[in-house]
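Peer 1: Here it is, the structure, as structure tokens.
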Amino acid sequence: MDATERFLSRRGLLKALGAAGGGLALSRWVGRDTAMAQEPASSGAIESFTGPGANQRWNSVGPYVTEPQKAPLLLLTDRPVQLETPRHYFSTAFTPNDAFYVRWHLDGIPNNVDLKEWRLQIEGNVTKSLGFSLPELIQKFKAVSIAAVNQCSGNSRSRLQPRVAGGQWGNGAMGNAMWTGVRLRELFDAAGVKTGSVQVQFQGLETGSGPKGMASGSFLKSLDLANPVLDECVVAYLMNGEPLPMLNGFPVRLIVPGYFATYWMKCLSWIRVLDATDENFWMKPGYRIPDTPKGNTTPDDVKAGKVNMVPIAKMPVRSFLVSPDGSSKIPAGMRVTLRGIAFSGYGRVTRVEISDDGGKNWSAAKLGEDYGAYSFRTWEAAWTPKSPGKYTVAVRATDEKGNTQPDEPVWNPGGYLWNRIEKQELVAGTAG
Amino acid sequence: MQMNRRVPVAVLVFCFALTLAGVGVYAELQKGQYQAATLGQFPQTSPSESLPDSQYGGRAYPLYPPELVAGEGKAEVEGYCSMCHSTRYITMQPPLPAAAWETEVTKMKKTFGATIPDEVTSKIVRYLQAHYTPETRKQ
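The listed protein sequences correspond, in order, to chains V and U.
Terminal number for the first sequence in our numbering: 432, no gaps in between.
Terminal number for the second sequence in our numbering: 571, no gaps in between.
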């Protein structure tokens, strides 16, 4: 920690104030009006909904709420629970468990799990149906860890034009964690997948009030047995080294690296090998994207029945500016650090570039530590606003496959796959 | 008028049934438990509750019902839509075109299996169109 950092840290600042005679010293540096202006940003200023235009804010506009085992997060819905992670939590590569976003589909969310009763069942088209308790999963199988981003298919849905119905997420329906658990393949091997099997279905403890066999009764997701992602899947019992919060899937959750979160079954309790393709609502027509470049289409083409829809899969490359967030002016001539994160479901991020003229000229940002292909990668870049005025800072990431973010919007009927280049207005004021 | 009297009774019966079911479920499955809460209150964390030894988790999830616009059909919306989900699913949406609301309600019935009588369905659609479209939405 250098001298500047020490002074800027909260403890350092308190020490400095204490040494200078407490509160009295503060008034020498902070004007009275400025001190009075430190109201919380949420004091009635924010709109209660956005639209029909695009949501212009980084996050969604719901109020902060506190749910069991969670820090205050932004409320989308209370039953079932959907919570968004505020922007500032993305300043680090790993998202804290208590700040990790939450998205359930049905209202029968488990409030608690009795581990004496709970078993992970492997059943269906297998040689031998098996059930594992949590201690058995921990003791009988080798523990593996992987850093992987979990992002809701509908993250940033509130950006779409025209708007589409669904969870009106800002950018905070995502998070990165170090997941530790058991390889899915080892569980398959233990049970013995029979020939003629085509898919594997995942089911958690969530149920709904609707009739059995309909979309509101149960939430089921399946992956093809031939999909190579199954080799990378982990049944995780640790999230950032701790048990998962109930709302994030205690006791175990399926990790599908690179894939959207719809497949990452929470409270995973049934792994079912199928001999036919799963066509339950959550596979068809739910969570489908147009079979077009970047999953783009138009309302007219959808209406005309021109669009072939396929199950959503990997996450396109994205990057975000986390700070500065535009809430404060920056004195012209002062050097600040732009910071953020980037990720791609197609492989590791190899380049992040920033622009301060809305995307005309780009320069490379410095990448942070590499935690693996599926993790958030932090980035930073020093930036000095040379003269007072407004700057449109843009961020663009490229992954190892050469995929880069477009500057064009995305539209499809589900409101999925948004990955347009993010832009943030920063204001520089006159200094001195 | 007859209609107006009948629906709240249905809603009451439903709520009563939900409470009974809730009590039963709490004893066995420990899922789907919610309780009223107040927006703007952020309780600090406290030591874990004394659950039986092998049980984890525990608390009911807080409910923050939104204030729906007053108007014809509000009781039906609150009664029927709340059978499966919070009415925040309505207020969270951007203003949606009238046809989109009709599609949503139809989806709730046909795809999700909501048992809503036809005459109530049209009342619910009319309510949503009267208060939650780009032309009509105020709050």
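Note that CB positions come from ideal geometry on N, CA and C, so glycine has one too.
The model shown is predicted, which means the values in this text are computed figures rather than measured ones.
Counting only C-beta atoms, is A532 of chain U closer than 9 Å to chain V at any point?
Peer 2: For A532 of chain U, the answer is yes, since a Cβ of chain V falls inside 9 Å of its Cβ.
Peer 1: Which bits of chain V does T538 of chain U rub up against, with CB to CB less than 8 Å?
Peer 2: Within chain V, no residue comes near T538 of chain U; the closest Cβ sits about 12 Å away, beyond 8 Å.
Peer 1: So what does DSSP say about V229 of chain V, is it helix, strand or coil?
Peer 2: V229 of chain V falls in the helix class under three-state DSSP.
Peer 1: Which residues share a DSSP beta bridge with S222 of chain V?
Peer 2: Answer is V:Q201, bridged to S222 of chain V.
Peer 1: Should F219 of chain V go down as buried or exposed, given a rule of 16 or more other Cβ atoms within 10 Å for buried?
Peer 2: Burial call: buried.
Peer 1: Return the CA-CA distance between G22 of chain V and T565 of chain U, expressed in angstroms with no decimal places.
Peer 2: The predicted model places G22 of chain V with a pLDDT of 36, which falls under 50 and marks its position as unreliable; any figure quoted below should be read in that light. Near 54 Å, if we compare the C-alpha coordinates of T565 of chain U and G22 of chain V.
Peer 1: Let me see if you follow: with CB-CB separation under 9 Å, is K463 of chain U close to chain V or not?
Peer 2: Yes, K463 of chain U counts as interfacial toward chain V.
Peer 1: Taking a contact to mean a Cβ-Cβ separation below 9 Å, would you say L130 of chain V touches S486 of chain U in this structure?
Peer 2: Their beta carbons are not under 9 Å apart, which means L130 of chain V does not touch S486 of chain U by this criterion.
Peer 1: Spatial neighbours of L187 of chain V within its chain, please: C-beta separation below 6 Å, excluding the five flanking residues on both sides.
Peer 2: For L187 of chain V, where only same-chain residues beyond five positions count, the Cβ hits under 6 Å are I122.
Peer 1: On a CA-only basis, which of V:R119, V:T127 and V:V126 is nearest S133 of chain V? Give me that one, please.
Peer 2: Of the listed residues, the one whose Cα sits closest to S133 of chain V is V:R119.
Peer 1: Can you find a CB in chain V that lies within less than 9 Å of the CB of A528 of chain U?
Peer 2: It should be noted that the sequence gives Leu, not Ala, for residue 528 of chain U. So yes, L528 of chain U belongs to the interface.
Peer 1: Going by DSSP in three states, K313 of chain V sits in which element: helix, strand or coil?
Peer 2: One detail in the question is off: residue 313 of chain V reads as Ala in this sequence, not Lys. A313 of chain V: coil per DSSP, three-state reduction.
Peer 1: Which residues bound the alpha helix (DSSP H) around P299 of chain V?
Peer 2: Start and end: P299 to K303.
Peer 1: Looking at A562 of chain U and the ligand GTP, is the gap between the Cβ and the nearest heavy atom below 8 Å?
Peer 2: Only the bare structure without any ligand can be found here, which leaves the ligand GTP out of the picture.
Peer 1: Quick one: measure Cβ to Cβ for N171 of chain V and S156 of chain V, integer angstroms, because I've assumed they're closer than 8 Å.
Peer 2: Indeed, because the Cβ distance is near 5 Å, the residues count as touching under 8 Å.
Peer 1: So what does Y493 of chain U bridge to, in DSSP terms?
Peer 2: Paired residue(s): U:Y466.
Peer 1: Please report the distance separating the alpha-carbon of W476 of chain V from that of A342 of chain V.
Peer 2: Missing from the structure shown is residue 476 of chain V; chain V here goes from 1 to 432 and no further.
Peer 1: Note down the Cα distance separating M36 of chain V from G175 of chain V, rounded to an integer number of angstroms.
Peer 2: In this predicted model, M36 of chain V has a pLDDT of only 37, less than 50, meaning its place in the structure is not dependable enough to derive any value.
Peer 1: Is A215 of chain V close to chain U, meaning its C-beta is less than 9 Å from at least one C-beta of that chain?
Peer 2: Cβ-Cβ to chain U under 9 Å: yes for A215 of chain V.
Peer 1: Could you give the distance in angstroms between the alpha-carbon of A459 of chain U and the alpha-carbon of L75 of chain V?
Peer 2: Interpretation of A459 of chain U is limited by its pLDDT of 41, a score under 50 that renders its predicted location unreliable; no figure is taken from the coordinates.
Peer 1: Tell me which residue opens and which closes the beta strand (DSSP E) that W270 of chain V is part of.
Peer 2: Element bounds for W270 of chain V: W270 to L274.
Peer 1: Grab me the residues of L528 of chain U's own chain with a C-beta within less than 7 Å of its C-beta, minus the 5 sequence neighbours each way, in chain order.
Peer 2: Hits under 7 Å: Y564 and T565.
Peer 1: Using a C-beta to C-beta distance shorter than 8 Å, which residues of chain U count as neighbours of A382 of chain V?
Peer 2: Under the 8 Å cutoff, chain U gives no residues; its nearest Cβ is about 36 Å from A382 of chain V.
Peer 1: How is G124 of chain V classed by DSSP in three states: helix, strand or coil?
Peer 2: Strand at G124 of chain V.
Peer 1: Report the neighbours of S153 of chain V on chain U: residues whose CB is nearer than 8 Å to its CB, in chain order.
Peer 2: By Cβ distance, chain U contributes nothing, its closest Cβ being about 17 Å from S153 of chain V, past 8 Å.
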